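From first to last, the protein sequence lines stand for chains A and B. Per the numbering used here, the first sequence starts with residue 1, numbered consecutively. Per the numbering used here, the second sequence starts with residue 138, numbered consecutively. Glycine is no exception: its CB is placed at the ideal position from the N, C-alpha and C atoms. Keep in mind it's a predicted model, so treat the numbers as computed, not measured.
Number of protein chains: 2
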Amino acid sequence: MIAVEILNNNNLKRTSCREGIIDVVMNAKQALSENEIRDRLVGNYDRTTFYRSFKTLEEHKIIHKIVVDNQLIKYAIDNTITHTDEHAHFYCNECNSVQCMENVPIQKYQLPDGYSDVETEVLIKGTCVNCKNQENN
Amino acid sequence: MIAVEILNNNNLKRTSCREGIIDVVMNAKQALSENEIRDRLVGNYDRTTFYRSFKTLEEHKIIHKIVVDNQLIKYAIDNTITHTDEHAHFYCNECNSVQCMENVPIQKYQLPDGYSDVETEVLIKGTCVNCKNQENN
DNA sequence: ATTTCAAATGCAACAATGATGCAAATGTAT
DNA sequence: ATACATTTGCATCATTGTTGCATTTGAAAT
Numbered sequence: 001m002i003a004v005e006i007l008n009n010n011n012l013k014r015t016s017c018r019e020g021i022i023d024v025v026m027n028a029k030q031a032l033s034e035n036e037i038r039d040r041l042v043g044n045y046d047r048t049t050f051y052r053s054f055k056t057l058e059e060h061k062i063i064h065k066i067v068v069d070n071q072l073i074k075y076a077i078d079n080t081i082t083h084t085d086e087h088a089h090f091y092c093n094e095c096n097s098v099q100c101m102e103n104v105p106i107q108k109y110q111l112p113d114g115y116s117d118v119e120t121e122v123l124i125k126g127t128c129v130n131c132k133n134q135e136n137n
Numbered sequence: 138m139i140a141v142e143i144l145n146n147n148n149l150k151r152t153s154c155r156e157g158i159i160d161v162v163m164n165a166k167q168a169l170s171e172n173e174i175r176d177r178l179v180g181n182y183d184r185t186t187f188y189r190s191f192k193t194l195e196e197h198k199i200i201h202k203i204v205v206d207n208q209l210i211k212y213a214i215d216n217t218i219t220h221t222d223e224h225a226h227f228y229c230n231e232c233n234s235v236q237c238m239e240n241v242p243i244q245k246y247q248l249p250d251g252y253s254d255v256e257t258e259v260l261i262k263g264t265c266v267n268c269k270n271q272e273n274n
């Protein structure tokens with residue numbers, strides 16, 4: 001799926017800012033922060049425009065936020081776009097990268113009586129494979 | 138354990154702001170937002186003092202943050218104080234409350250080769266028992 | 001109880017971020 | 001090509017995170 005199609009499917013106007021954000025996020029191997037995305041965008045957009053484009057894409061569940069300790073915010077393409085299942089996210093304490101663990105499904109949690117769950121977020125923190133390999137050199 | 142002991146154990150000076158925050162958070166049945174804690178405090182403290190007290194208590198792992206969608210931040214007493222295991226947190230989509238699910242332990246996730254995990258955060262979103270009961274009335 | 005000194009507070013100030021109103025520019029359906 | 005609703009860019013404001021510094025306070029030593 002390409003950015004334009006995604007916008008059309010969601011009845012959103014195809015503006016270069018929105019298109020650019022989707023392209024960058026879809027092609028990234030890792031989740032990216034707002035600044036990382038802005039740096040990779042071709043055009044230069046007003047802070048407000050960028051902020052509103054993000055908000056729109058989030059509201060339409062095209063991209064989603066991953067928050068680490070309320071400090072670091074990274075964005076990734078949503079499951080509904082890539083047609084993958086809900087998955088855990090991994091945060092590397094060493095290189096501060098965030099990765100979608102597409103092969104690590106969210107497990108089911110047994111809640112006390114009366115509670116019903118709709119969605120579960122899992123953030124695993126540790127050392128990623130790149131940082132581990134570097135240690136061995 | 139009482140607030141003064143906790144401060145002593147961590148080699149922190151016993152100031153009324155710190156003591157107050159710990160008291161409020163320990164006695165709360167749910168995790169509280171910064172404003173909810175401030176409202177329940179007896180004294181009136183400068184914004185910076187309050188902010189720095191929070192930071193200190195977090196750094197010493199006396200209280201911990203729970204973040205929901207990077208919008209809502211709630212605080213609760215840390216596991217190391219209450220001597221409970223790591224547990225999932227529950228966010229109620231209806232009343233916006235955050236509760237520590239002390240009886241819902243974090244499950245183990247199998248990561249791809251080369252990844253090592255240190256800590257896992259789980260946030261379950263849904264409807265809490267209070268809100269469910271209200272629906273039936 | 002008084003003295004002493006490092007630590008914490010309160011205040012000013014600044015940066016970053018979230019948010020809104022509005023005129024101008026742009027996308028898209030006709 | 002035209003028309004109109006949507007989006008953009010700019011100004012502006014609120015909130016929050018952060019730091020420097022003079023003053024105050026907690027707690028240890030006397």
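Item, Value
"Element boundaries [alpha helix (DSSP H), containing Cys154(B)]", "153-164"
"Nearest-angstrom Cα separation, counted from Val4(A) out to Val241(B)", "43 Å"
"Run of the alpha helix (DSSP H) containing Ser190(B), from where it starts to where it stops", "184-196"
"Assigned secondary structure, Gln247(B) (DSSP; H/G/I helix, E/B strand, else coil)", "coil"
"Proximity winner among His197(B), Cys154(B), Lys198(B), Asp222(B), relative to Arg177(B) (alpha-carbon distances)", "Cys154(B)"
"Chain-order list of residues whose beta-carbon lies under 7 Å from that of Lys268(B) (same chain, five-residue window excluded)", "Strictly speaking, residue 268(B) in this sequence is Cys, with Lys absent from that position. For Cys268(B), where only same-chain residues beyond five positions count, the Cβ hits under 7 Å are Cys229, Glu231, Cys232."
"Beta-carbon proximity of Tyr212(B) to Val122(A), cut-off 8 Å", "no"
"Beta-carbon proximity check, Phe90(A) vs Ile63(A), cutoff 8 Å", "no"
"Closest by C-alpha distance to Leu111(A), when choosing among Asp215(B), Thr185(B), His197(B), Cys237(B)", "Cys237(B)"
"Through-space distance from Ile174(B) to Met138(B), alpha-carbon basis", "19 Å"
"Contact check, Lys61(A) vs Ile73(A), beta carbons under 8 Å", "no"
"Contact set between the stretch 252-267 of chain B and chain A, restricted to residues whose Cβ is under 7 Å from the partner", "Tyr252, Ser253, Asp254, Val255, Glu256, Thr257, Glu258, Val259, Leu260, Ile261, Lys262, Gly263, Thr264, Cys265, Val266"
"Whether Tyr115(A) touches Gly251(B) by CB criterion (8 Å)", "no"
"Whole-number beta carbon distance between Val161(B) and Leu169(B), since they are thought to touch under 8 Å", "7 Å"
"Residues near Asn8(A) in its chain [Cβ-Cβ closer than 8 Å; skip 5 each side]", "Arg14"
"Spatial distance of Glu46(A) from Ser190(B) (CA atoms)", "Inspection of the sequence shows that residue 46(A) is occupied by Asp rather than by Glu. Approximately 36 Å, taken between the alpha carbons."
"Per-residue DSSP class, three states only, for Val42(A)", "coil"
"Residue from Val235(B), Ser234(B), Ile214(B), Glu239(B) with nearest C-alpha to Asp222(B)", "Glu239(B)"
"Contact list for Met238(B) against chain A, beta-carbon separation under 9 Å", "Tyr109, Leu111, Pro112, Tyr115"
"For Met101(A): DSSP bridge partner residues", "Ala88(A)"
"Exposed unless 16 or more other CB atoms sit within 10 angstroms - verdict on Glu19(A)", "buried"
"Secondary structure of Lys150(B), DSSP reduced to three states", "coil"
"Pick from Val205(B), Thr217(B), Ile243(B), Ala225(B) that is closest to Glu195(B), judged by C-alpha positions", "Thr217(B)"
"Chain A contact for Asn230(B) (CB, 8 Å cutoff)", "yes"
"Exposure of Thr193(B), with buried meaning 16 or more beta-carbon neighbours within 10 Å", "buried"
"Gln107(A) versus Gln244(B) - alpha carbon distance", "7 Å"
"Three-state secondary structure assigned by DSSP to Glu121(A)", "strand"
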